[in-house]
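Notes follow once the structure below has been shown.
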Amino acid sequence: MCGIAGFVRGAQFVEHDTEHLLQQMGYAIRHRGPDAAATWQDEGIGLVHRRLSIIDLSDAGTQPIHSPCGRYVIVFNGEIYNYQQLRTDLEQQGERFSTSTDTEVLLRMFIRDGEKALAKLNGMFAFVVWDKQEQSLFAARDRLGKKPLYLYQANQQFAFASEIKALLQLPGIERRLRLDAVKDFFFYQYVPDPKTIFADIVKLAPGHWLKRNRLGDTTVQRYWQLSFKQQLTGFEAELGEQLRDLVEDATRIRMVSDVPLGAFLSGGIDSSAVVGMMAKHSDTPVTTCAIGFDNEKFDEVKFARKVAEQFATDHHEFTVKESVSANFAEITEYFDEPFADPSYIPTFFVAKLARQAVTVALAGDGGDESFAGYSKYNVDQTEQRLRSVFPRAVRKTLMPPLAALSAGIAKTFQSVYGRKASSLLRTLSLEADEGFFVTNSFFHPQVWQTLVQGDFARLTRDYNPAELTCQKYHEAPADDHLSKVLYTDIHTYLPGDILVKVDRMTMANSLEARAPLLDYRVVEFAATVPSAMKLHGSEKKYLLKKSLEGFLTDETLYRKKMGFSVPLALWLTTELKQFCDAAFYNKDGALAQLFSLSKIQEMWQQHLQGKHQFTQELWSLLVFSMWWDCYMMELTVASEALQ
222 MCGIAGFVRG AQFVEHDTEH LLQQMGYAIR HRGPDAAATW QDEGIGLVHR RLSIIDLSDA
282 GTQPIHSPCG RYVIVFNGEI YNYQQLRTDL EQQGERFSTS TDTEVLLRMF IRDGEKALAK
342 LNGMFAFVVW DKQEQSLFAA RDRLGKKPLY LYQANQQFAF ASEIKALLQL PGIERRLRLD
402 AVKDFFFYQY VPDPKTIFAD IVKLAPGHWL KRNRLGDTTV QRYWQLSFKQ QLTGFEAELG
462 EQLRDLVEDA TRIRMVSDVP LGAFLSGGID SSAVVGMMAK HSDTPVTTCA IGFDNEKFDE
522 VKFARKVAEQ FATDHHEFTV KESVSANFAE ITEYFDEPFA DPSYIPTFFV AKLARQAVTV
582 ALAGDGGDES FAGYSKYNVD QTEQRLRSVF PRAVRKTLMP PLAALSAGIA KTFQSVYGRK
642 ASSLLRTLSL EADEGFFVTN SFFHPQVWQT LVQGDFARLT RDYNPAELTC QKYHEAPADD
702 HLSKVLYTDI HTYLPGDILV KVDRMTMANS LEARAPLLDY RVVEFAATVP SAMKLHGSEK
762 KYLLKKSLEG FLTDETLYRK KMGFSVPLAL WLTTELKQFC DAAFYNKDGA LAQLFSLSKI
822 QEMWQQHLQG KHQFTQELWS LLVFSMWWDC YMMELTVASE ALQ
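Okay, so the sequence shown: first residue is 222 according to the numbering used here, each after it adds one.
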């Protein structure tokens, strides 16, 4: 795992010390690669690489790496898990290698096959290849977006980096706020691909490559498409066996490392399966790490401990207590953009714990998105069945006023059931795609309308964040509703939330995370499994559970899912209260420039007094304020980003 950055040189760099600039960009992402740093410049390009040594620990593995002919040079972040087989294939074709790295294999494959080489890679990656002869640049990102790649193109400049903070070192860069991305953040908890919060910086989308020629013309193209169209047929036991074999192989190939390796363990199905497979293929006890809370409702450590005992692991635990307030500002700053999935806090601590013992940790991420493991899928299926009961005209005409009535009852009598009824009725008035967005968005539209003000309200009035969800839902190569929803999450929530969280929090601790359940073969197999074998009645992840019966205990497989939840409502009124007070009463801060500060203060007081639950809205406002103080300080708006 590493960090990469660089720029295409042009007239704008003539007056600058480009070597110093590259060093600054590299230093900004030094946490991604503390073991070594190297820069390289040529007539048209400047590259920097920060190395976290995993494979081939010798100096021969230092990047950038050049082709034998000297024409091509590569910087690469990630791991290619099948690189040894690919290397053998290339050697049979006459290639000879000077290192033992996957980076050199990747470069040789690209030289031979160009973008077609991407289809042969099994791994997580973001890389850039510079062609000195053609003065052209090629960049690519892995299928699911496990490794990040940000692009800056403005003022005749072009640059790339693993994290935005490296791009912010560029001379003359404007930190212009993209207002539609701000609105996206509050409804999604993150800024979805390919946008970023900055108007002139974008993400290269997962499963895409980019080419830039000597004239500056840029082409971006998708190279991987996940399809749910071709549904497998066969007996449950047969399909379960195929799935288990795939998961085992995906785990096995991720255990190749020249440094100590362990795993995150929550005691849930996914992480337990990964740990069990690791134990099966390891001659020594697997190092496992679990995170807990000083709150019984959210603490899963006891379940992790049972799995650790089952597989005789070398188990480590950490309890999140007063550490939250002491580390909150530092942890939040790692994201470069506002990011409000609160599980990033325990993820940081479990990564920090793991790094004390290992350099690589396997994780269980990906199982919920591929096999319908979240409770929201049960809720969504119920809503979809109810939509089929009521004619469209009835839903459009009667549901909205009934929802408003329920909302009024909920507000008057502080009724949880009234709020749930209002939400359900409001969702049923919508079509399936927008209904899925509304049910799973994190900011109530009515609350939003009371908060936004001024130019921000005017410029974003006609923008609906649901557009992205609806777009992905309708482009999905799928015939049934659940498959379309899973496709949507795999292309929005997974890369925008889960994988960003895991990458930033592990890299903040110079730890490499690997996710066997996100092996593209597992994801593609899951897409072909009939929906009824994923969500079987109310049983989530049905086939995955069946495939692991006899390997994991029934308690692990069938206990109620807790998820990676945190006591956020409690934190806001205790550990993080000082941060909330500072943000919500700052007349010169970010929130005062975009929102009605008096309305936010009113919400905050109602929340503190227990009169109304605004946990998610207040948390998002706090995170946005914290991000602003780190990265913006003054408002520069790019209104054309809304066009």
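Backbone N, C-alpha and C fix where the C-beta goes; we use that ideal spot for every residue, glycine too. All values reported here derive from a predicted model rather than from experimental measurement.
- Nearest to L789 by alpha-carbon distance, out of R292, L327 and F514, is F514.
- S492 and G585 have their alpha carbons spaced roughly 4 Å apart.
- For A699, the CB contacts under 7 Å within the same chain, skipping 5 residues up- and downstream, are F449, K450, K705 and Y708 in chain order.
- Restricted to the stretch 509-576, the beta strand (DSSP E) segments that are unbroken, complete and at least 3 residues in length are 535-541, listed in chain order.
- Judged by DSSP in its simplified three-state form, C290 adopts coil rather than helix or strand.
- Bridge partners of W351 according to DSSP: V294 and L358.
- Taking all protein chains in view, the Cβ of P481 is surrounded by fewer than 16 other Cβ atoms within 10 Å, so the residue is classified as exposed.
- No Cβ-Cβ contact shorter than 8 Å links F381 with A361.
- Beyond the five residues adjoining it in sequence on each side, L651 comes within less than 7 Å, by CB distance, of V659 in the same chain, given in chain order.
- C-alpha of F359 to C-alpha of K767: approximately 43 Å in a straight line.
- Distance from the CA of P506 to the CA of A572, rounded to the nearest whole angstrom, comes to 19 Å.
- Here DSSP, grouped into helix, strand and coil, assigns M345 to strand.
- One alpha carbon belongs to P567, the other to L574, and they sit about 10 Å apart.
- Inclusion of L365 and P427 in the CB contact set at 8 Å is warranted, their separation being smaller than that value.
- Counting C-beta pairs closer than 8 Å gives three or more between the stretch 577-595 and the stretch 744-751, which meets the contact rule.
- In the DSSP assignment, R433 falls within the beta strand (DSSP E) that extends over H429 to R433.
- With a cutoff of 8 Å on beta-carbon distance, F560 and Y444 are scored as not near each other.
- Burial check for K722: the Cβ neighbour count within 10 Å reaches 16 or more, so the residue is buried.
- One Cα belongs to V528, the other to K781, and the distance between them is close to 16 Å.
- Residue burial is scored here from C-beta neighbours: G758 has fewer than 16 other C-beta atoms within 10 angstroms and is therefore classed as exposed.
- Residue burial is scored here from C-beta neighbours: F456 has fewer than 16 other C-beta atoms within 10 angstroms and is therefore classed as exposed.
- Judged by DSSP in its simplified three-state form, V579 adopts coil rather than helix or strand.
- Here M853 has R396, L398 and A811 as same chain residues with Cβ atoms under 8 Å from its own Cβ, once five neighbours each way along the sequence are excluded.
- Cα atoms of T553 and A803: separation of roughly 16 Å, rounded to the nearest angstrom.
- Scanning its chain for C-beta atoms nearer than 8 Å, with the 5 sequence neighbours on each side dropped, one finds around Q446 the residues G428 and P698, in chain order.
- Of all alpha-carbon atoms in Q667, R606, L703 and K518, the one lying nearest the alpha-carbon of Y595 is that of L703.
- C801 places its beta carbon 8 Å or farther from that of L773.
- Under the 8 Å Cβ criterion, the stretch 270-287 counts as touching the stretch 307-323, having at least three qualifying pairs.
- For R329, no beta strand (DSSP E) encloses it; the enclosing alpha helix (DSSP H) starts and ends at D323 to D334.
- For the options K761, Y694, E469 and V294, the alpha carbon positioned closest to that of S357 is the one of V294.
- Positions of the alpha helix (DSSP H) runs, each at least 4 residues long and wholly inside the stretch 783-827, are given as 789-794, 798-805 and 811-815 in order along the chain.
- Excluding its 5 nearest sequence neighbours in each direction, F524 has C-beta neighbours in its own chain below 6 Å: G488, listed in chain order.
- Taking every protein chain shown into account, the CB of Q837 has 16 or more other CB atoms within 10 angstroms, so this residue is buried.
- Taking N376 as reference, the option from P392, H695 and A259 with the minimal CA-CA separation is P392.
- In the DSSP assignment, H695 falls within the alpha helix (DSSP H) that extends over A687 to E696.
- Here M728 is actually not in contact with R271; their C-beta atoms are around 10 Å apart, not less than 8 Å.
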